[in-house]
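What follows is one structure encoded as structure tokens, with my remarks underneath.
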Amino acid sequence: MHPVWSPNNGKFAYLSNAEKDYFGQTDLYVYDFTDSTTTKLVAGVFSAPTWLNDSTVIFSKKSKRNKDGSRYYDLYSIDLNDKKHKPNRLTHDMRLTSPVVNVENNLIAAIGISDGVSNIYTSELDSIDNLIFTKRTDFIDGEKIFSLSIDNASIAFDVIFEHGRDIMTFDLTNNTIDHLLKVHYFDERDPY
106 MHPVWSPNNG KFAYLSNAEK DYFGQTDLYV YDFTDSTTTK LVAGVFSAPT
156 WLNDSTVIFS KKSKRNKDGS RYYDLYSIDL NDKKHKPNRL THDMRLTSPV
206 VNVENNLIAA IGISDGVSNI YTSELDSIDN LIFTKRTDFI DGEKIFSLSI
256 DNASIAFDVI FEHGRDIMTF DLTNNTIDHL LKVHYFDERD PY
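For what it's worth, this note's numbering labels the leading residue of the sequence shown as 106, then goes sequentially.
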């Protein structure tokens with residue numbers, strides 16, 4: 106699930122529960138069109154991955170317990186040119202999922218969760234090893250964001266309000282939120 110094409114369209118990254126008993130046990134794979142191979146990169150990946158460039162994938166994974174014994178979903182990157190496929194941890198104790206990248210705007214966005222409420226967080230990509238995320242939305246009433254899609258002007262996202270799921274946009278220039286699609290008797294999903 107969650108297939109994402111590389112910038113040059115030569116590969117796609119996706120999650121699969123291959124050789125597992127439950128659908129919630131997903132691993133990160135990459136399919137390469139040049140030689141028709143599938144490579145398992147990392148076990149236990151939680152949400153849709155994203156490509157930074159043609160050889161680097163960013164994803165969310167549950168981290169090891171911190172000094173207080175808590176576990177969080179943090180962002181990691183993996184360099185496909187590294188034969189060991191060792192993930193590089195990018196955040197610490199952030200509860201971030203579903204990252205998306207816009208290289209032209211030098212921006213990475215992800216869904217952050219605190220007290221059961223989702224919000225959109227962004228960071229500049231200047232130093233991928235030192236991401237400093239800022240909360241960009243201010244939801245406070247139990248809203249749940251599922252996925253993000255980013256372009257040069259805005260971030261589209263699907264969010265649950267009360268009992269329905271709507272697609273909204275967050276304008277990156279003026280920091281405003283607007284409904285892209287709002288039909289109360291239907292669920293709108295997956296803004297990409």
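Glycine is no exception: its CB is placed at the ideal position from the N, C-alpha and C atoms.
In this text, all values refer to a predicted model and were calculated from it rather than measured experimentally.
The criterion of a C-beta distance shorter than 9 Å is satisfied by Ile272 and His284. DSSP, reduced to helix, strand and coil, places His284 within a strand of the structure shown. A straight-line Cα-Cα distance of about 22 Å links Leu277 and Ser219. Judged by beta-carbon spacing, Leu146 lies within the 9 Å limit of Leu185, meaning their Cβ atoms are closer than that value. For the options Ile255, Lys116, Asn193 and Glu293, the alpha carbon positioned closest to that of Asp137 is the one of Lys116. Counted as a single uninterrupted DSSP element, the stretch harbouring Gly247 is not any beta strand (DSSP E), since DSSP gives it neither H nor E. The segment 190 to 245 contains, as complete beta strand (DSSP E) runs of 3+ residues, the segments 201 to 207, 212 to 219 and 222 to 229 (chain order).
Under a 10 Å Cβ-count criterion, Phe164 is classified as buried, with 16 or more other Cβ atoms of the shown protein chains found around its own Cβ. Excluding five sequence positions before and after Tyr297, the CB atoms of its chain that fall closer than 6 Å to its own CB belong to Ser254, given in chain order.
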